[in-house]
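Chemist: Take the sequence shown: its letter number 91 is residue 90 in numbering that gives the first Met the number 0, and every next letter is one higher.
The beta carbon of each residue, even a glycine, is placed where N, CA and C say it ideally should be.
For clarity, every value in this text was computed on a predicted model and none was experimentally measured.
For reference, the structure I am asking about is given below.
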Amino acid sequence: MKLKSLALIIVAALSVQAFAHGKHDKKAHDKTKAEAAKTVKGEFLGKGDGVTTCPVTGEEILNKDVKGRFFNRTVYFCCAGCLAEAKKSPAAYIKRTHAAQVAATKDLPKSEGHHGDEAHHGDHDAQKPKEDSKQGATGDEKKFLGKGDGIATCPLTGDPVNKDTKYEVNGREFYVCCPGCAETIKKNPELYLKPVEGEKKEPAFLGKGDGIDTCPVTGDRVNKDLKGEVDGQTFYVCCAGCIETIKENPAAYLKKAKAK
Numbered sequence: 000m001k002l003k004s005l006a007l008i009i010v011a012a013l014s015v016q017a018f019a020h021g022k023h024d025k026k027a028h029d030k031t032k033a034e035a036a037k038t039v040k041g042e043f044l045g046k047g048d049g050v051t052t053c054p055v056t057g058e059e060i061l062n063k064d065v066k067g068r069f070f071n072r073t074v075y076f077c078c079a080g081c082l083a084e085a086k087k088s089p090a091a092y093i094k095r096t097h098a099a100q101v102a103a104t105k106d107l108p109k110s111e112g113h114h115g116d117e118a119h120h121g122d123h124d125a126q127k128p129k130e131d132s133k134q135g136a137t138g139d140e141k142k143f144l145g146k147g148d149g150i151a152t153c154p155l156t157g158d159p160v161n162k163d164t165k166y167e168v169n170g171r172e173f174y175v176c177c178p179g180c181a182e183t184i185k186k187n188p189e190l191y192l193k194p195v196e197g198e199k200k201e202p203a204f205l206g207k208g209d210g211i212d213t214c215p216v217t218g219d220r221v222n223k224d225l226k227g228e229v230d231g232q233t234f235y236v237c238c239a240g241c242i243e244t245i246k247e248n249p250a251a252y253l254k255k256a257k258a259k
């Protein structure tokens, strides 16, 4: 009888120990799970700048019809689905300033597919704007995308301008809401600035290097044995082909040297 009682006591003790150990393991597991969830929740997932590319997918924004207000600024999306996704967790896709958004997403590749969902991608394609009636049969003429006048409202976003951010393109001065918008406008001024009388047309500046240490065409390191000259300005390039490219359109690749 004593042996039977002793056996029951030992079994009970082992059961209590196993229960306590299991409870401890569960707590540890739940803690790890919570920490992992916290890390994912705080991760920035944005893939686009919110002006020319969608913050959710990184895809090019073809019109400015889908937009939302986040952190007191206007942000654009490629489709209504992406806007809804961003509203669920704004901090995961939107930075508080456009400059911060550009810095966080400029080196990221575009998303493969739209949320990885072919059906959703089809819906997105259906929302793309039809070819503008002003375009010719070849579609060479681009649709005007300007949202503001460049004086009181930003040509890119339509938001109120910052009078401390004044820029010039084709001899015309304009204001924007942030420096990032100015860079976008300079690349394609005809898309965002309506022409005015007396405006001089200049090619968009495409230069990627200074012509001294980096090639103006590619931005690669120059070869000091490859030197060119145009309008009295000497420049270096990475390969012979770049010299010819620059000479054909010097204003597009060379900043005018400042007078000494």
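Over the uninterrupted alpha helix (DSSP H) stretch that includes residue 101, give me the two end residues.
Modeler: 97-104
Chemist: By DSSP, does residue 275 sit in helix, in strand, or in coil?
Modeler: No answer is possible for residue 275: the residues shown for the chain start at 0 and end at 259.
Chemist: To the nearest angstrom, how far is the alpha carbon of residue 77 from that of residue 54?
Modeler: 9 Å
Chemist: Any idea what DSSP makes of residue 241, helix, strand or coil?
Modeler: helix
Chemist: I'd like the span of the alpha helix (DSSP H) that includes residue 186, first residue to last.
Modeler: Residue range 178-186 is occupied by the alpha helix (DSSP H) that includes residue 186.
Chemist: Who are the near neighbours of residue 98 in its chain, counting only those whose CB is closer than 8 Å to its CB and skipping five residues on each side?
Modeler: 177, 178, 179
Chemist: Give the range of the beta strand (DSSP E) segment to which residue 92 is assigned.
Modeler: Looking at the DSSP string, residue 92 is not in any beta strand (DSSP E); the run it does join, the alpha helix (DSSP H), is 89-92.
Chemist: May I ask you to list the residues that DSSP assigns as paired with residue 172?
Modeler: 167
Chemist: Per the DSSP calculation, residue 226 is bridged to which residue(s)?
Modeler: 235
Chemist: By the DSSP assignment, the beta strand (DSSP E) with residue 73 in it spans what residues?
Modeler: 72-75
Chemist: Label residue 56 either buried or exposed according to how many other C-beta atoms from any shown protein chain fall within 10 Å of its C-beta, with 16 as the threshold for buried.
Modeler: buried
Chemist: Could you say which of 70, 62, 253 lies nearest to residue 79 if we only look at CA atoms?
Modeler: 62
Chemist: Rounding to the nearest angstrom, what Cα-Cα distance links residue 164 and residue 254 in this structure?
Modeler: Whole-angstrom Cα-Cα distance: 21 Å.
Chemist: Determine contact between the region 181-196 and the region 212-223, defined as no fewer than three beta-carbon pairs at a distance below 8 Å.
Modeler: no
Chemist: Using 10 angstroms around the beta-carbon of residue 46, count the other beta-carbons present and answer buried if the total reaches 16, otherwise exposed.
Modeler: Buried: at least 16 other Cβ atoms inside 10 Å.
Chemist: Using CA coordinates, which residue listed in 155, 151, 186 is at the minimum distance from residue 168?
Modeler: 186
Chemist: Report the option in 147, 60, 59, 96 whose CA atom is closest to the CA atom of residue 68.
Modeler: When each option's Cα is compared against that of residue 68, the closest is 96.
Chemist: So, at 8 Å on beta carbons, what are the nonlocal neighbours of residue 105 in its own chain, with the 5 sequence-adjacent residues on each side left out?
Modeler: 48
Chemist: Would a C-beta distance cut-off of 8 Å place residue 207 and residue 229 closer than the cut-off?
Modeler: At a Cβ-Cβ threshold of 8 Å, residue 207 and residue 229 do not count as neighbours.
Chemist: Hey, residue 51 and residue 60 are a contact pair by Cβ (cut 8 Å); roughly how many whole angstroms apart?
Modeler: 6 Å
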